[in-house]
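If you read the sequences in order, they're chains A and B. Okay, so the first sequence: first residue is 7 according to our numbering, each after it adds one. Okay, so the second sequence: first residue is 48 according to our numbering, each after it adds one. Glycine residues also receive a C-beta, built at the ideal position from the N, C-alpha and C atoms. Accompanying notes for the structure given below.
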Amino acid sequence: MSPVLSGVLQLTALVAALALVYRPLGDYMARVYSSEKHLRVEKWIYRSIGADPDAEMRWPAYLRGVLAFSFVGVLFLYLLQRIQGILPDSVSLGFTAISPDQAFNTAASFVANTNWQSYSGEQAMGHAVQTLGLAVQNFVSAAVGIAVAVALVRGFARSRTGELGNFWADLVRGTVRVLIPISVVGALVLVACGAIQNFAGIHEIGRLTGGTQQVNGGAVASQEVIKELGTNGGGYFNANSSHPFENPNAFTNLFEIFLILVIPFALTRTFGKLVGNVKQGYAILATMGVIWLGFTALMMWTEFAGHGAALEAAGGAMEGKEQRFGVGASAIFGVATTLTSTGAVDSFHSSFTGFGGGITLLGMMLGEIAPGGVGSGLYGMLVMAIIAVFIAGLMVGRTPEYLGKKIGTREIKLAACYILITPTLVLGFTALSMALSGPPESMLNTAANSVDGSGAHGFSEVLYAFTSGANNNGSAFGGLNANTPWYNTTIGLAMLLGRFLPMVFVLALAGSLAEQKPVPETAGTLRTEKPLFAGLLVGAILIITGLTYFPALALGPMAEGLS
Amino acid sequence: MNNSVSSTFRVVGAGLRALLVLTLVCGVIYPLVVTGVAQAAFHDKANGSEVKADGRSVGSERLGQRYDLDKKGKDGNPLPDPKFFQPRASAAGANTENTQYKIVVSGASNLAADSKVLLTSVEQRRADVAAFNGVSPSSVPVDALTASASGLDPDISPEYARLQAERVAKANGLPAAAVRKLVEDHTDGRVLGFMGNERVNVLKLNIALRELAKS
Chain A
7 MSPVLSGVLQ LTALVAALAL VYRPLGDYMA RVYSSEKHLR VEKWIYRSIG
57 ADPDAEMRWP AYLRGVLAFS FVGVLFLYLL QRIQGILPDS VSLGFTAISP
107 DQAFNTAASF VANTNWQSYS GEQAMGHAVQ TLGLAVQNFV SAAVGIAVAV
157 ALVRGFARSR TGELGNFWAD LVRGTVRVLI PISVVGALVL VACGAIQNFA
207 GIHEIGRLTG GTQQVNGGAV ASQEVIKELG TNGGGYFNAN SSHPFENPNA
257 FTNLFEIFLI LVIPFALTRT FGKLVGNVKQ GYAILATMGV IWLGFTALMM
307 WTEFAGHGAA LEAAGGAMEG KEQRFGVGAS AIFGVATTLT STGAVDSFHS
357 SFTGFGGGIT LLGMMLGEIA PGGVGSGLYG MLVMAIIAVF IAGLMVGRTP
407 EYLGKKIGTR EIKLAACYIL ITPTLVLGFT ALSMALSGPP ESMLNTAANS
457 VDGSGAHGFS EVLYAFTSGA NNNGSAFGGL NANTPWYNTT IGLAMLLGRF
507 LPMVFVLALA GSLAEQKPVP ETAGTLRTEK PLFAGLLVGA ILIITGLTYF
557 PALALGPMAE GLS
Chain B
48 MNNSVSSTFR VVGAGLRALL VLTLVCGVIY PLVVTGVAQA AFHDKANGSE
98 VKADGRSVGS ERLGQRYDLD KKGKDGNPLP DPKFFQPRAS AAGANTENTQ
148 YKIVVSGASN LAADSKVLLT SVEQRRADVA AFNGVSPSSV PVDALTASAS
198 GLDPDISPEY ARLQAERVAK ANGLPAAAVR KLVEDHTDGR VLGFMGNERV
248 NVLKLNIALR ELAKS
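Right, here's the structure in full:
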């Protein structure tokens, strides 16, 4: 079997698996977020929080819940890292306290569902920080994302109210009924295939030629599964999902890609169910699916072609890739992780071909909406849908409507603010870093180190870092030494602003939509469940992203890919 | 004003309590339950798939390791032992010091496709592997010329294993056909016939080789 055919078959198997669970999971999540019953464990949790799960919230109250919960999350995680040095060795593994700038960066990163890592997991974080801090945010930051998406969907579904549900109930249900059950099963699948799950410290095992070698222990499988399922991406180890203890074979590799994509895709079904028209969900699904498959095809093409002076000398793009996965499986993983807000890697994007690296960058620049992070993908895509119906409305001179709601001045202003946030953060911080004298010194692939002396890849490293941070991805062109006060601070800010400012606009939008009365459908209404609209939406996404980022992409990956 | 301050405190308090109780659920109960079941049902795998030979631990099936002589080469790195099959190059920790296949340091080179540094490494590896195995430089496969993603890749391609068979046979005083057969027996196909790449686990192959050399 040729490697290309193997890659195509793996992609086919992945699509089949996603299709199989699409309806059951999507319908299940719709029931979870609309059920009036509370499980016993949930009632106990609500009592501990002191919250009434049946109290409806308007958007400012919902937003306060999101921000308060995330704020204490950052604080808690920061303090946990700062006190690591005084924890007993059995839970700290003897690692010292994390420095203030790095602890801020990491706390912001995990609460913002980004999981950018300026540290090497196996050399910095003990059991306490990993399981009590990082793994917990893997769950709850994902549940917050889904909650905000569900609130926006309720904004479309409800009329003449303004009430968006209860944040605490959505947070707890997402964690208890969706994320934990899938994680328990998934973690055991990973262990059955060879991922580790223990609380041993760094210990010695033998070597074939004699002597010993040190090896890590850790609760890896239980963190690995939620890292993918919650589109988090922060590796237990520095090598992330390429580490054999995180991702032992080609099956687990495909399984992890499945976990990354399953909730974001299935949420389109949940959306269709909750707005009372599953076809509207299919149109969003089709838009996401077309972009995802297109990107994957392009990635396979460029990675199998393997252009680039060093890769051509080696005879293929295997630098930074594992033998058990190969080029095809690595290409599928690379696209899935950057079109969602995951950022886990099974191969190192910095050593991809010039265009391959560009595809990972562009995937994040689309705003991670195809299918995007858990929750954030759906609300990002719905904001783009609002922009698309607005453009369509301009073409025919009608007031745009979407799902029976008028898209008026207020809605468009909120949507426009939403889509301006990340480009502002990405391009602003990148420009600032390039203009200062210190930050460019962190680059690995400098002009002096490149074959043609262009240094385009070094610029890409910086652009990638802020694109990854502001879009809450977390993957990296890892050559950049990002553990400096400058990058720890600026990327930390980019992650927090890139996560929570958009949520402000999404919830305000949800509140505004929920207050409206529905407009009846007429012969002139744009049919947003039809392929024509999905096509319009794909076009709008590509054009808006293209216009925003083309100059920056031309300086980095395009210059490298064309040289 | 007082009203909004106290309501802010109330919601932050609720957030803190929510975080603590969810930390208990997701950060204590969940990992302990998974660890308990994993340790009971998949004890060896959950603890790192350690391999034993001759009654002692010789490494982990999942992780690559080095097979070196005691001697050091001109560059200060230990020389590879010709009696053993050799793994892929490892770039883990290479940015700071040579810690290749030191298992508590994982990672990749992150060098770009148009990197001069990577180009030089690839050319150097091609010459080294060809000279070490006594084969023509053009026959060296891509996995032997590139560093893996984890820096701990336990596998090599069947091509790279076959390329090393003659040299390994000679160094161990074994018939070349027997070593080639060993390679074929230790070649794992794609998972379920189509997932990932064909590969040879270097540790398992070397264990079998040592058995063969002893008998």
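Neighbourhood of residue i by C-beta distance below 6 Å, restricted to the same chain and skipping five residues each side
i	result
A/M524	Just to set this straight, residue 524 of chain A is Pro in the shown sequence, not Met. These residues qualify, in order along the chain: S165, G410.
A/L469	T436, A558, G562
A/L445	A small correction: the amino acid at residue 445 of chain A is Pro; Leu does not occupy that position in the sequence shown. Cβ neighbours of A/P445 beyond the five flanking positions: S439, W492.
A/R570	Given a span of 7 to 569 for chain A in the structure shown, any question on residue 570 of chain A remains unanswerable.
A/V389	A421, Y424
Where residue i meets chain B, residues with beta-carbon distance less than 8 Å
i	result
A/W174	A61, A65
A/H249	S153, S197, L199
A/D458	D161
A/G212	R103, S104, V105, G106
Rounded separation between residue i and residue j - CA only
i	j	result
B/A159	B/D235	30 Å
B/Y207	B/N180	10 Å
A/I427	B/E231	56 Å
A/A141	B/K228	46 Å
B/T143	B/G198	Any answer about B/T143 is weak, because its pLDDT of 36 lies below 50 and its placement is not dependable; what the coordinates show is given next. Each residue's alpha carbon lies about 14 Å from the other.
B/N145	B/L63	Low confidence applies to B/N145: its pLDDT is 36, below 50, so where it sits in the model is not reliable, and the reading given next is rough at best. Going by the C-alpha atoms only, they are around 45 Å apart.
A/F264	A/P526	39 Å
B/S104	A/I89	36 Å
B/G140	B/V75	Residue placement at B/G140 is flagged as unreliable, the pLDDT there being 49, under the threshold of 50; the coordinate-derived value follows with that caveat. If you take the alpha carbons of B/G140 and B/V75, they lie about 32 Å apart.
B/S96	A/P250	11 Å
B/S107	B/A218	25 Å
A/F271	A/F339	16 Å
A/L177	A/I92	32 Å
A/L299	A/M305	10 Å
B/P188	A/V182	49 Å
A/K285	B/I203	48 Å
A/S124	A/L26	37 Å
A/S126	A/N111	13 Å
A/T302	A/A337	7 Å
Boundaries (first-last residue) of the beta strand (DSSP E) holding residue i
i	result
A/G212	209–212
B/L126	125–127
B/E97	97–100
A/Q108	Element bounds for A/Q108: not the beta strand (DSSP E) but the alpha helix (DSSP H), 106–117.
B/N248	246–248
A/Q219	218–221
A/V351	Where A/V351 is concerned, there is no enclosing beta strand (DSSP E), given that its DSSP letter is neither H nor E.
B/S104	103–107
Spatial neighbours of residue i in its chain, beta-carbon cut-off 7 Å, leaving aside the 5 residues before and after
i	result
A/F205	H133, G223, A225
A/V159	F277, L280, V281
A/L317	A323, E325, T359
A/T473	L367, M370, M371, V432
Chain-ordered neighbours of residue i on chain A, where CB pairs are closer than 9 Å
i	result
B/L126	None at all; the shortest Cβ gap to chain A is about 12 Å.
B/N94	I202, Q203, N204, A206, G223
B/F179	Correct list: empty, because the minimum Cβ distance to chain A is about 17 Å.
B/Q112	R213, L214, T215, Q219
Endpoints, alpha helix (DSSP H) assigned at residue i
i	result
B/R209	205–219
B/K119	Element bounds for B/K119: not the alpha helix (DSSP H) but the beta strand (DSSP E), 115–119.
A/R574	This structure leaves residue 574 of chain A out entirely; chain A is present only between 7 and 569.
B/H90	90–93
Residue i CB to nearest heavy atom of the ligand PLP below 7 Å
i	result
A/Q220	Judged by which ligands are present, the structure shown has none, so any question about the ligand PLP falls away.
Residues near residue i by beta carbon distance below 8 Å, same chain, minus five either side
i	result
A/V544	T293, V296, I297
Interface partners of residue i on chain B, CB under 7 Å
i	result
A/H463	A159, D161
A/A320	V169, V189, L192, T193
A/R330	D202, G243, N244, R246
Contact list for residue i against chain B, beta-carbon separation under 9 Å
i	result
A/G360	A159, A160, D161
A/K412	Here the premise fails: no neighbours, minimum Cβ distance about 32 Å.
A/T181	L69, V72, C73
8 Å Cβ cut-off: residues of chain A touching residue i
i	result
B/N253	L214
Per-residue contacts from residue i into chain A (C-beta, under 7 Å)
i	result
B/A85	L194, V197, Q203, A227
B/Q211	What B/Q211 touches in chain A: nothing, since even the nearest Cβ is about 14 Å away.
Any beta strand (DSSP E) of 3 or more consecutive residues that is wholly inside the region 246–311 of chain A: For the region 246–311 of chain A, not a single whole beta strand (DSSP E) run of length 3 or above is found.
Alpha helix (DSSP H) runs wholly inside the region 142–203 of chain B, at least 4 long, in chain order: As far as the region 142–203 of chain B is concerned, its whole alpha helix (DSSP H) runs of at least 4 residues are 163–180, 189–192.
In chain order, each alpha helix (DSSP H) run of at least 4 residues that lies wholly inside the region 495–560 of chain A: Those alpha helix (DSSP H) runs which fall completely within the region 495–560 of chain A and span 4+ residues are 537–559.
Alpha helix (DSSP H) segments (min. 4 residues) lying fully within the region 454–494 of chain A: DSSP runs (the alpha helix (DSSP H)) wholly in the region 454–494 of chain A: 462–476.
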